[in-house]
Amino acid sequence: MSISDVVFWILAAVILGSGLAVVMVRNLVHAAFFLVLTFFGVSGLYVLLEADFLAIVQILIYVGAIAILIIFGVMLIQREDMRETNVFSSYKKVAGVTVALFLAILLASIKYTPLATAVQPPLESTVGPIADLMFTSFVVPFEAAGVLLLVAILGAIVLSTGVGREND
Amino acid sequence: MISLKVGLEHYLMLGGGLFCIGLFAALAKKNAISILMGIELMLNAVNVNLVAFNRYGDPQLLVGHVFSILVMAVAAAEVAIGLALVLTVYRDRRSVNIDDFNWLKW
Chain A
26 MSISDVVFWI
36 LAAVILGSGL
46 AVVMVRNLVH
56 AAFFLVLTFF
66 GVSGLYVLLE
76 ADFLAIVQIL
86 IYVGAIAILI
96 IFGVMLIQRE
106 DMRETNVFSS
116 YKKVAGVTVA
126 LFLAILLASI
136 KYTPLATAVQ
146 PPLESTVGPI
156 ADLMFTSFVV
166 PFEAAGVLLL
176 VAILGAIVLS
186 TGVGREND
Chain B
30 MISLKVGLEH
40 YLMLGGGLFC
50 IGLFAALAKK
60 NAISILMGIE
70 LMLNAVNVNL
80 VAFNRYGDPQ
90 LLVGHVFSIL
100 VMAVAAAEVA
110 IGLALVLTVY
120 RDRRSVNIDD
130 FNWLKW
């Protein structure tokens with residue numbers, strides 16, 4: 026067992042533990058903080074998988090933008106007591122059984138599928154090759170993602186400021 | 030029994046476990062923001078799978094990396110729109126309880 030295997034098992038424990046805490050903790054703010062910890066763990070996993078650029082982007086986008094946005098949403102919405110804000114709905118048992126079945130099927134199919142075992146050497150740096158791919162083979166999805174983000178920004182502004190609702 | 034030597038299947042199992050946690054949050058939570066958090070967990074699990082397949086498939090190709098960057102862009106757009114919707118509904122109904130979002134129900 027090499028040092029990277031040890032790091033993998035530690036990161037797996039952190040990711041699954043904090044992911045479970047996101048679901049199980051009763052305080053919504055604590056759940057958001059555990060979500061941040063999960064994102065950091067996934068970023069460490071990217072480092073382990075030799076995806077240096079993605080590890081940084083994961084921290085920038087998920088921790089820096091998405092988690093902060095979610096925490097802002099919690100602060101804007103939840104005004105009163107925070108203690109019992111992350112509770113389960115009445116579908117808890119049905120959802121639990123469904124998810125457990127799904128997990129069993131997933132794990133079994135992973136176990137019984139022949140997977141690649143030969144590992145080729147990774148690239149020195151992934152930033153330049155990713156840029157090359159994005160502006161050659163994947164230029165249409167790249168532009169589509171740009172348009173999607175623009176539409177999302179406009180939609181979020183329209184929805185949250187209530188443009189066109191002045192007459193009500 | 031799974032071996033301690035880490036390979037592709039360990040990353041896939043970790044991704045599957047994280048996806049199931051996110052799915053459980055999205056299905057069984059009462060608060061709309063908790064459901065958004067569950068969706069974020071699911072998207073992260075998918076990204077882990079993509080990058081692991083890229084590493085153990087053909088690391089010179091980098092298609093998995095590009096895909097997961099696109100997934101991140103979609104996740105950012107999704108959480109912005111989702112929170113704006115939740116805020117709008119909250120202004121109308123004074124609640125983020127998903128059981129109260131029943132306008133489309135007779």
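Top to bottom, those sequences are chains A and B.
In this text, residue positions in the first sequence follow our numbering: the first is 26, and each later residue adds one.
In this text, residue positions in the second sequence follow our numbering: the first is 30, and each later residue adds one.
Note that the Cβ used here is the ideal one computed from N, Cα and C, for glycine as well.
As the structure is a prediction and not an experimental result, all values here were calculated from the model.
The beta carbon of B:F130 sits no closer than 9 Å to any beta carbon of chain A. Judged by beta-carbon spacing, A:A141 lies within the 9 Å limit of B:Y85, meaning their Cβ atoms are closer than that value.
The beta carbon of A:N111 sits closer than 7 Å to the beta carbons of V50, R51, N52, L53, A56 from its chain, once the five residues preceding and following it are set aside; these are given in chain order.
Looking at B:G45, B:R122, B:L116, the one whose alpha-carbon comes closest to that of A:G98 is B:L116. For the segment 71-87 of chain A, the set of positions with a beta-carbon nearer than 9 Å to some beta-carbon of chain B reads Y71, L73, L74, E75, A76, F78, L79, V82, Q83, I86, Y87 in chain order. Around the C-beta of A:G153, fewer than 16 other C-beta atoms lie within 10 Å, and the residue is accordingly described as exposed. Around the beta carbon of B:V118, a 10 Å sphere encloses 16 or more other beta carbons of the protein chains shown; the residue is thus reported as buried.
Nearest CB-CB separation between A:N111 and chain B: below the 9 Å threshold. The three-state reading of DSSP puts A:K118 in helix, counting H, G and I together. By the C-beta density criterion, A:T63 is buried, having at least 16 other C-beta atoms within 10 angstroms.
Between B:N76 and B:S63 the beta-carbon gap is near 21 Å, outside 8 Å, which marks them as no contact.
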